[in-house]
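Engineer: Pasting a structure here, questions to come.
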Amino acid sequence: MKERIKKLREQSLSIKPYVTPERAKLITEFYKANAANNVSSLVRRALAFKYLLENKAVCIGENELIVGERGPAPRATPTYPEITAHSLEDLRILDTRKKTSFAVDAETKKLYEEEIIPFWKGKAIRDRIFGKMSEEWKAAYEAGVFTEFMEQRAPGHTVLDDKIYNKGFLDFKKDIKTSIKSLDFLNDPEAPKKSEELNAMEICVDALIMYAERHAEKARELAKKEKNPGRKKELERIAENCSRVPAHTPRDFWEALQYYWFVHLGVIIELNTWDSFNPGRLDQHLYPFYKKGLKEETLTSDKAKELLQAFWIKFNNQPAPPKVGVTAEESATYTDFALINTGGIKQDSSDAVNELSYLILDVVEEMRILQPSSMVQISKKTPDAFLKRALKIIKTGFGQPSVFNTDAIIQELTRQGKSVEDARNGGASGCVETGAFGKENYNLTGYFNLTKVFEVTLNNGVDPRTGKEIGLKTGDASSFKSFEGLFEAFKKQLNYFVDVKVKGNDIIERLYAEYLPSPFLSLLIDDCIAKGRDYHDGGARYNTSYIMGVGLGSITDVLASVKYNVFDEKQITMQDLLKALRNNFEGDETLRQRFLNKTPKYGNDDDYADEIMKLIFEAYYDAVKGRPNTKGGFYEINLLPTTVHIYFGKVVGATPDGRKASEPLSEGISPVQGADRKGPTAVIKSASKMDHLRTGGTLLNQKFTPHLLADEDGIAKLAHLIRSYFKLDGHHIQLNVVSADTLRDAKKHPEKYRDLIVRVAGYSDYFVDIAVDLQDEIIKRTEHKSF
Amino acid sequence: MAKGIIFDIKRYAIHDGPGIRTTIFLKGCSLRCQWCQNPEGQETYPEIMLRPSRCATECNECVSVCPQDAVSKDANSIEIDKAKCDLCRKCEDVCVYEALEVVGREITVREVMDEIEKDKVFFDESGGGITFSGGEPLMQLDFLEALLKEIKKKDIHITLDTSGYIAFDDLDRISDKVDLFLYDLKIMDDEKHEKFTGVSNRLILDNLRKLAGKEKSIAVRIPLVSGINDDDQSVQMFAEYIMSLEKIKQINVLAYHKGGCEKYKRLRKEKFPKTFQSPSNARIEEIKKIFADYGFSVKTGG
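These protein sequences, in sequence, are chains A and B.
The working numbering applies: residue 1 is where the first sequence begins, and numbers increase by one.
The working numbering applies: residue 1001 is where the second sequence begins, and numbers increase by one.
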């Protein structure tokens, strides 16, 4: 690693994230001014974007190669008061909480108290959302049946395709003009609105070009003062880059990266889209520039690597905007989920792995930083060498890259109705979510607590934690004569809560379309320009909404235990079971041990449990799939948790799988922590009994001790294990290669393990940064020892 | 249908032959190697393993369920009167803490096949298959033969891990169904072999020679125990003998580990073995080098 990169990396790692009031101040100024009030909300948002880019600080760090920060400096994290107007109490919590904290200085607090809070209270979209939700919705939300992704974060789960590498922003402007020209004001009642949207987009095009030019000016200034001739030349080159892109197409590798970075900044300054905006298939997009550079001898692979590393640091400089409340619990991390895709297949279906794919993996291995995250797409055509290269990085225990099944991703996308070309150009983003890059608004709307729904079913619609009636009266649990009867009641509750969630989602989607459209993001996602529609209003070619099922392992083991112990083996009556659960197994450890050790469990390739998993999968799929959203698209399911399985566990009492009250639920589609006792092939067999191809992503986490991967033979066998899972249509697998002892030591001596990154769920995090209960949970996750 | 007694089925076994494998452990062995790592494989009959540390003091189920009055327990321990116990397994069934476990169960060929077929996709993908280990799998020859026939029908690779201590005709009966032999050699000096394993090595060495003569695919496995067979002379004797067979190219060395000792305690074996030491990693590398210099392909494990 070059000295320059080392220093920039160290800087990015050592600065504690802090809240900058810059954006909050500017956006409030803008909204207070009259200019904002005399235009449509579409144009208002565009002008707000322009105002931010005109007035925010321009930052070019020492020895940087790629320039631009979201805030005034690295790790300075802005807030988005139009979405969440943090209260003074929120700011205090952010400042003082143990994990994922953000320093907040007195000046910021004062500004909030005097300017931000008074202006945005009641107007922030968070306030509007909670103001419009039904009593049923609030009851379910407060009970922890589901979470709401959009209450503090704008919907923006999307990834860029290759369009910016072939088109400058001035070309986008031409497309906008063409679209404006083709508006039919006589026959299309939507034409005036479309015209507003397109005008707004045009303002955003100019704004980003202006913002880049501000960097060019700054670079020229710095170059003039620079004494070191080498750096002087670099600064002149940076100035040239910023004048060239994004206005025009990039001409080389460096410009391509700088172009993407300006676009990225645009997206994350416009709104806190939070989840995962990223360049997507980076090895594909950059390869032509890489090849050309090498051929013309204007680039070496070393230089390309250095530029990529500089690019990596830019991601790490932008912690996810501060979250509070349930959102902070469900997503307790600094990562903003950018997931760089490598490998996969090309649009013509041939293997896409190239030299740059390997070079990117080298970068991942050397950088060892939280952001961006990285993954390899493995298709049946992918060479083993590439998979093994990835495994050798995973082996070092840093939780990256994760491993995805390209063939499954493509089938998932085409099943959802995407063209095969769009599917092949797609991939996974965020944690594991499948998407048609550059063409899809795939909106994660919230996590769904399947185990809680069953708890409410067992209690005839009442949440036993609070005594409140939050669900349907589906019958007294003791009245069910068969497991099938009980399961029917569970399905009714499930459908009811999905109804409540979807009704809420409809309102929230409209609130964003009305109050916080995203004309800048709309530029980037097909077919917003052609349709003249906003990203939040059905502009994207594909519009998919997700509700993410959480705790499949837990709910399976819970239902398997009830079926086995109450109905089949008659070990216990329903009444006694409910009593034991109410008492949190106090005084009945033997019963709990029976549930833990003598009851079928998911993850052991045991059909008794796995068939129940399939029933649950089908019930959840039926409850969610195919419902229309308000953007012309439909609902799909996926199964992933980020960190919400901890929060969801906290709100669920003791469960019939032997879990005590408040303990975490299982994550993704992984078995309950410690329930899988037959090794990784059994886990994979269990997990592949569900139909992954009918989801938009599943998350399987497996922890391996390092010695299973100690030699080439171990790596080859792990590669075979993964290939087998993918042959069975598994979507994704991620591997934590670290010993439990290491983790225990890290928990005790966090100072010694500042750089220890572990795979949490769909992403990696610094082990010392995550909550203690999550630390314990990761330690507990089954270690597959060598046999 | 043929039945046999096994004591374990391990999936994702990655050190017992090529690819990803399922290893079936058959019970019963004629040898009593003092460093035995799988003492639960020695006897042909089921045995009870005790893990008192898992036991909950307030629970008394095992004691009350036992029809033979063979189980006793106090605050710190559970004991089984082996003379009284008729292995009815009732204690195992009621013990939710998994403190009592019967190792060894009767199983049919069909039942073993069901387990085997569960991981077929992994065998196909990795070039793996089934490994028979133990104990000494050849002690249950009819059962083994019936299994091998069924497995061959499914076109699955078969590895047999054997001590070679059996009449050659018996070994030969199944040899054409085995794709790879993992053939254990412990000590070349016969007297020493008898001292540490309980039997002479003459039959073992003869069988290896005959098997090699039949062009079978064989890897010799040597468990390395410090002070027993890890000196230069012992290693050279192994190498010279295997060289003399001309057909064998592969030697796998396995380092002794103390994993077996705990099992003796759990089995309440009367004769508790002495504890040995594993050669150092450096010594293992030296030994591998000696074999390699003879022209063998050598690896650790497998």
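Using N, Cα and C, we set each Cβ at its ideal position, and we do this for glycine too.
Grab me the residues of N1094/B's own chain with a C-beta within less than 8 Å of its C-beta, minus the 5 sequence neighbours each way, in chain order.
Structural biologist: Reading the second sequence from its first residue, position 94 is the one you call residue 1094/B. This sequence places Val at residue 1094/B; Asn is not what is there. Result list for V1094/B: E1061, C1062 and V1065, in chain order.
Engineer: Have a look at the DSSP bridge pairing and note the partners of M133/A.
Structural biologist: The sequence position of residue 133/A within the first sequence is 133, counting from 1. DSSP lists no partner for M133/A.
Engineer: For chain A, find out if any of its Cβ atoms is closer than 9 Å to the Cβ of V1298/B; answer yes or no.
Structural biologist: The residue given as residue 1298/B occupies position 298 in the second sequence. V1298/B does not count as touching chain A.
Engineer: Could you check whether the segment 365-382 of chain A touches the segment 340-352 of chain A, counting it as contact only if at least three pairs of C-beta atoms, one from each stretch, sit closer than 8 Å?
Structural biologist: Yes, since at least three Cβ pairs between the segment 365-382 of chain A and the segment 340-352 of chain A fall closer than 8 Å, the two stretches touch.
Engineer: Name the chain A residues whose beta carbon is nearer than 9 Å to that of K1090/B?
Structural biologist: Here residue 1090/B refers to the residue found at position 90 when the second sequence is read from its first residue. Correct list: empty, because the minimum Cβ distance to chain A is about 14 Å.
Engineer: Chain A partners of V1096/B, CB-CB under 7 Å?
Structural biologist: Here residue 1096/B refers to the residue found at position 96 of the second sequence. The contacting residues are T590, Q593, R594, N597 and K598.
Engineer: In angstroms, rounded to a whole number, what distance separates the CA positions of R575/A and E509/A?
Structural biologist: Translated into the one-based positions of the first sequence, residue 575/A becomes position 575. Translated into the one-based positions of the first sequence, residue 509/A becomes position 509. Checking the sequence shown, residue 575/A turns out to be Gln, not Arg. Looking at the two C-alpha atoms, the distance is approximately 43 Å.
Engineer: Please classify D1016/B: does DSSP put it in a helix, a strand, or coil?
Structural biologist: On the second sequence, position 16 is the one that residue 1016/B refers to. Here D1016/B sits in coil by DSSP.
Engineer: In chain B, which residues lie with their C-beta within 7 Å of the C-beta of R723/A?
Structural biologist: Residue 723/A sits at position 723 when you count from the first residue of the first sequence. Chain B residues near R723/A: E1125.
Engineer: Compare the C-beta of C1059/B against all C-beta atoms of chain A and say whether one is closer than 9 Å.
Structural biologist: To locate residue 1059/B, count along the second sequence from 1; it is residue 59. For C1059/B, the answer is yes, since a Cβ of chain A falls inside 9 Å of its Cβ.
Engineer: Thinking C-alpha only, which one of E1115/B, R1266/B, I1228/B and L1144/B is nearest D1190/B?
Structural biologist: In the second sequence, residue 1190/B corresponds to position 190, counting from 1. The shortest Cα separation from D1190/B among E1115/B, R1266/B, I1228/B and L1144/B belongs to I1228/B.
Engineer: Identify, in the order they occur along the chain, each residue of the same chain with its Cβ nearer than 6 Å to the Cβ of P750/A, setting aside the five sequence neighbours on each side.
Structural biologist: Mapped onto the first sequence, residue 750/A falls at position 750. Here the set comprises V768.
Engineer: Use the C-beta contact count for D302/A: other C-beta atoms within 10 angstroms, 16 or more gives buried, fewer gives exposed.
Structural biologist: To locate residue 302/A, count along the first sequence from 1; it is residue 302. With fewer than 16 Cβ atoms within 10 Å of its Cβ, D302/A is classed as exposed.
Engineer: Can you name the residues of chain B whose CB is closer than 9 Å to the CB of T681/A?
Structural biologist: Mapped onto the first sequence, residue 681/A falls at position 681. Near T681/A (Cβ distances below 9 Å), the residues of chain B are R1011, Y1012, I1020, T1022, K1118, D1119, V1121 and F1122.
Engineer: Inspect the beta-carbon positions of K388/A and A719/A and report whether they are closer than 9 Å.
Structural biologist: To locate residue 388/A, count along the first sequence from 1; it is residue 388. To locate residue 719/A, count along the first sequence from 1; it is residue 719. Yes. Within cutoff.
Engineer: In angstroms, rounded to a whole number, what distance separates the CA positions of L356/A and L208/A?
Structural biologist: By one-based count along the first sequence, residue 356/A stands at place 356. By one-based count along the first sequence, residue 208/A stands at place 208. Using only the alpha carbons, I get a separation of about 29 Å.
Engineer: Check whether the Cβ atoms of I529/A and D175/A sit closer than 9 Å, and answer yes or no.
Structural biologist: In the first sequence, residue 529/A corresponds to position 529, counting from 1. In the first sequence, residue 175/A corresponds to position 175, counting from 1. Yes.
Engineer: For the segment 604-625 of chain A, list every residue whose C-beta sits within 8 Å of some C-beta in chain B, in sequence order.
Structural biologist: Going along the segment 604-625 of chain A in chain order, one finds D605 with a Cβ nearer than 8 Å to chain B.
Engineer: With DSSP run on the structure shown, which of helix, strand or coil describes K503/A?
Structural biologist: Along the first sequence, one-based indexing puts residue 503/A at 503. K503/A: helix per DSSP, three-state reduction.
Engineer: Check whether the segment 398-412 of chain A touches the segment 601-613 of chain A, counting contact only when three or more Cβ pairs, one atom from each stretch, lie closer than 8 Å.
Structural biologist: Because the criterion of three Cβ pairs below 8 Å is not met, the segment 398-412 of chain A and the segment 601-613 of chain A do not touch.
Engineer: For chain A, is any of its Cβ atoms less than 9 Å away from the one on G1128/B?
Structural biologist: Residue mapping note: residue 1128/B aligns to position 128 of the second sequence, counting from 1. Yes, G1128/B counts as interfacial toward chain A.
Engineer: Candidates D161/A, F130/A and G156/A: which alpha carbon is nearest T147/A's?
Structural biologist: Within the first sequence, numbered from 1, the residue matching residue 147/A stands at position 147. The shortest C-alpha separation from T147/A is found at F130/A.
Engineer: Give the straight-line distance between the Cα atoms of I83/A and I125/A, rounded to the nearest whole angstrom.
Structural biologist: Numbered from its first residue, the first sequence carries residue 83/A at position 83. Numbered from its first residue, the first sequence carries residue 125/A at position 125. Rounded to the nearest angstrom, the two C-alpha atoms are 5 Å apart.
Engineer: Taking the C-alpha atoms as reference points, what is the distance between I547/A and A623/A?
Structural biologist: Counted from its first residue, the first sequence places residue 547/A at position 547. Counted from its first residue, the first sequence places residue 623/A at position 623. Between I547/A and A623/A, the C-alpha separation is close to 10 Å.
Engineer: So that I know if they touch, is there some Cβ in chain B lying closer than 9 Å to that of H86/A?
Structural biologist: As a first step, residue 86/A must be located in the first sequence, where it is residue number 86. No, H86/A does not count as interfacial toward chain B.
Engineer: Less than 6 Å between C-beta atoms, sequence neighbours within five positions excluded: which residues of the same chain meet that for I360/A?
Structural biologist: Reading the first sequence from its first residue, position 360 is the one you call residue 360/A. If we look at I360/A and ignore the five residues flanking it on each side, its Cβ neighbours are D283 and T342.
Engineer: I need the DSSP call for P81/A, collapsed to helix, strand or coil.
Structural biologist: Taking the first residue of the first sequence as 1, we reach residue 81/A at position 81. Here P81/A sits in coil by DSSP.
Engineer: May I ask you to list, following chain order, the residues of the segment 1195-1221 of chain B that have a beta carbon less than 9 Å from some beta carbon of chain A?
Structural biologist: The residues in question: there are none.
Engineer: Using only alpha-carbon positions, find the residue among Y141/A, I269/A, P229/A and T457/A that is nearest to G485/A.
Structural biologist: Position 485 of the first sequence holds residue 485/A. Checking every option, the nearest Cα to that of G485/A belongs to T457/A.
Engineer: Any idea which residues DSSP pairs N736/A with across the strands?
Structural biologist: Locating residue 736/A in the first sequence gives position 736, counting from the first residue. The partner list for N736/A (beta bridge, DSSP) reads K703/A.
Engineer: When the Cα atoms are used, what is the spatial distance from V403/A to K1192/B?
Structural biologist: Position 403 of the first sequence holds residue 403/A. Position 192 of the second sequence holds residue 1192/B. C-alpha separation (whole angstroms): 52 Å.
Engineer: For the segment 689-720 of chain A, list every residue whose C-beta sits within 9 Å of some C-beta in chain B, in sequence order.
Structural biologist: Hits within the stretch, in order: L708, D711, D713, G714, A716, K717, L718, A719 and H720.
Engineer: Any heavy atom of the ligand HEM closer than 8 Å to the Cβ of Y608/A?
Structural biologist: This structure lacks the ligand HEM; in fact it carries no ligand of any kind.
Engineer: Pop quiz: R281/A and G344/A are said to be a contact at Cβ under 8 Å. What is the actual Cβ separation, rounded to whole angstroms?
Structural biologist: Against the first sequence, residue 281/A aligns to sequence position 281. Against the first sequence, residue 344/A aligns to sequence position 344. Their Cβ separation, rounded to whole angstroms, is 7 Å, which keeps R281/A and G344/A in contact under 8 Å.
Engineer: Roughly how many angstroms separate the alpha carbons of E22/A and D476/A, rounded to a whole number?
Structural biologist: Counting from one through the first sequence, the residue named residue 22/A turns up at place 22. Counting from one through the first sequence, the residue named residue 476/A turns up at place 476. Computed Cα separation, rounded: 56 Å.
Engineer: Can you give, in chain order, each stretch of the beta strand (DSSP E) that sits fully within the segment 662-714 of chain A and has at least 3 residues?
Structural biologist: Runs of the beta strand (DSSP E) inside the segment 662-714 of chain A: 700-704.
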